Amino acid sequence: MATTNQTGGSQRTKGGRMKATSTRRAQSARTELGLLRTACWLFSERGFHGTGIRDISEAAGVAVSAMYYYASSKDELLEAVSRRVMDALTTASAQTVADVDDPAERLAALMAVHVAFHARNPRAAKVADHEFQALTGAARRDIQRMRDAYEEVWADTLRAGVEAGVFKDRGSVARLAMLQMATGVAQWFRPTGELGIAELCERFADMGLALMGANRDGRPLEARDLRVPEPDTLLERVELAIEPRRKPSGL
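Have a look at this one:
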């Protein structure tokens, strides 16, 4: 936008270029977010191999030629979804257990975060949990390292509990069983169902504690005996921007 000066010429409005650049960046960010949400929806509905790059562009309302500005292939979109899911899940877990030393409270908190994340972001979670295996090469290795690091937090918590005499030693199968059980929430949870997310987190925390034989002075521990994350705080931490909350407009 230009304005006339006193000599009849024109000068650029102060900040005009910066405003234009900011507008373009905001539009670019919205387009990228829309593409990731659309990819999440389609990958979760049709699977990675059943979804084409043109399917994503049409559903998102973005020309295929313009899509290549954001991702050169659907593989890059899958990697981006998987990476964002693992970043969000790892960050939410770290924030929740940052000041928690008690192994039983840490386990209850980790279970609550995992369940809440999968209940609130079911499509993105399903893609990251299952479709990421379609990745190859460095991308696959990077995502696997992120997954391994996340699981190690659980493993450390269980080991600490066993060493403290709070948990029974169930071996690595206990960690795998709890993660698999909680991950399944993305498949069947419905907000209109019998339990809300807060109640669901408490039930799963109880099951995790029971599986590990959690006790204090010989008395079995339940989630109600422990300090657990506030539901509102938990839900705020697990909110994922790329989770599609509605069907893409182009479908």
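Letter by letter, the sequence shown follows residues 1 to 251 of UniProt numbering. Where a beta carbon is used, it is the ideal one built from N, C-alpha and C, also for glycine. A quick note: this is a predicted structure, and the numbers were derived from the prediction, not measured.
Grab me the residues of R120's own chain with a C-beta within less than 6 angstroms of its C-beta, minus the 5 sequence neighbours each way, in chain order.
V238
What number of angstroms, rounded off, separates the C-alpha of A126 from the C-alpha of Q180?
The sequence shown places Lys at residue 126, rather than the Ala named in the question. So the alpha carbons of these two residues sit roughly 12 angstroms apart.
Got a sec: does the ligand HEM put a non-hydrogen atom nearer than 7 angstroms to the Cβ of Q144?
Ligands are entirely absent from the displayed structure, and the ligand HEM is therefore not among its contents.
Do you know whose CA, among E236, E243, G165, V185, lies nearest A214's CA?
G165
With R147 as the anchor, note down where its alpha helix (DSSP H) starts and where it stops.
137-163
Cα-Cα separation between G184 and L226, rounded to whole angstroms:
25 angstroms
Proximity to V62 [Cα-Cα], best of T38, S44, Q187:
T38
So L107 and T157 are supposed to be a Cβ contact under 8 angstroms. How far apart are they, rounded?
5 angstroms
Can at least three beta-carbon pairs, one atom from the stretch 193-205 and one from the stretch 230-247, be found at a separation below 8 angstroms?
yes
Close Cβ partners of I242 (< 7 angstroms) along its chain, the five nearest in sequence each way excluded
L33, L36, R37, C40, V81, R84, A124
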